[in-house]
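Reading through the structure tokens given below for one structure.
Residue numbers (our numbering): 401 to 585.
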């Protein structure tokens, strides 16, 4: 997997587990004690993670114990030494606790079939501080509660300051480069 990724994505534009771990004993220690590299250090780079906890995960993480030299971040749990990216499919207020520890968190804002609380789940997901909020619905799909599957990040440009971890004076323009966004539009 790493070889294929590096054939299409330049290493100098990639954030790897080793980049984040640095000289920390484990990746988990790095994200919970030191934190992630800054936005300034990583702007223009991509981070790739694998959302899978079965056969591939077992092989890629050498039995869940080692990701030395790997290009991708494996899905992990907060108590694992390889922990950095945590998948919490059901949005909950407790997600904020995992975010506060320093993990990048992906959650869902609905499910298939959509629960009757889709709008409430979206609000919970947004308030939780999860860094990635996913949906299983194509844009414009109407859920059983009448809500539309796609939504915009509140006060986003398109990103927003994390409601759990950002400093009080953070503005979306502190995160996104307005000049780059203008070229995209």
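Ideal Cβ placement from N, Cα and C applies to all residues, glycine included.
Three-way DSSP call (helix, strand, coil) for residue 537 in this model: coil
Buried versus exposed call for residue 428 [16 or more other C-beta atoms within 10 Å across all chains shown]: buried
Residue nearest to residue 587 in terms of C-alpha spacing, selected from 494, 555 and 566: There is simply no residue 587 to check, as the chain begins at 401 and stops at 585 in what is shown.
Rounded separation between residue 553 and residue 448 - CA only: 22 angstroms
Sequence-distant residues of the same chain with beta carbon closer than 8 angstroms to residue 458, five excluded per side: 464
Residues bridged to residue 486 (per DSSP): 476 and 505
Nearest-angstrom Cα separation, counted from residue 577 out to residue 559: 10 angstroms
Endpoints, the alpha helix (DSSP H) within which residue 417 is located: 417-421
N- and C-terminal bounds of the alpha helix (DSSP H) containing residue 575: 572-575
Neighbour-count burial assignment, residue 438, 16 or more Cβ in a 10 Å radius: Sixteen is the threshold: since fewer than 16 other Cβ atoms of the shown chains lie within 10 Å of the Cβ of residue 438, the residue is exposed.
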